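>
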Amino acid sequence: MTLIDTTLISALPDQISSDLEGETILLHMTSGLYYGLNNVGVKIWTLIQTPQTLADLRQTLLDEYDVTPEDCDRELKELLISLSEADLISLD
């Protein structure tokens, strides 16, 4: 799966989420599988409740966290691919 700066990322409606002491737990309603997010993952999840491009997400994270652009890009793409494979987000 190739993600480019213009890839549009959005949360899919077939899931529910709940905050638990600084983490968010996602439940895919169809599969019944749970997925946990740390505080940075929670930030990303909150942002993609409204569709965001990869470039916009990356820039927001770079502005808010002390991370190199290379590490941010790699880790963001890894998370997005994982969420997509779990059918929790759409990558268009």
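Sequential numbering from 36 applies to the sequence shown in the working numbering.
Quick reminder that beta carbons are idealized off the backbone N, C-alpha and C, glycines included.
Since the structure is predicted, the reported quantities are computational estimates derived from the model, not experimental observations.
In whole angstroms, what separates the C-alpha of D54 from that of H63?
Between D54 and H63, the alpha-carbon positions lie close to 15 Å from each other.
> By how many angstroms is the C-alpha of L82 removed from the C-alpha of I39?
18 Å
> Which whole-angstrom value is the C-beta distance of W80 and A46, which I expect to be below 8 Å?
7 Å
> Are the segment 106 to 124 and the segment 85 to 94 touching, with three or more C-beta to C-beta distances below 8 Å?
yes
> Hey, out of L43, T85, L97 and P48, whose CA is closest to L123's CA?
P48
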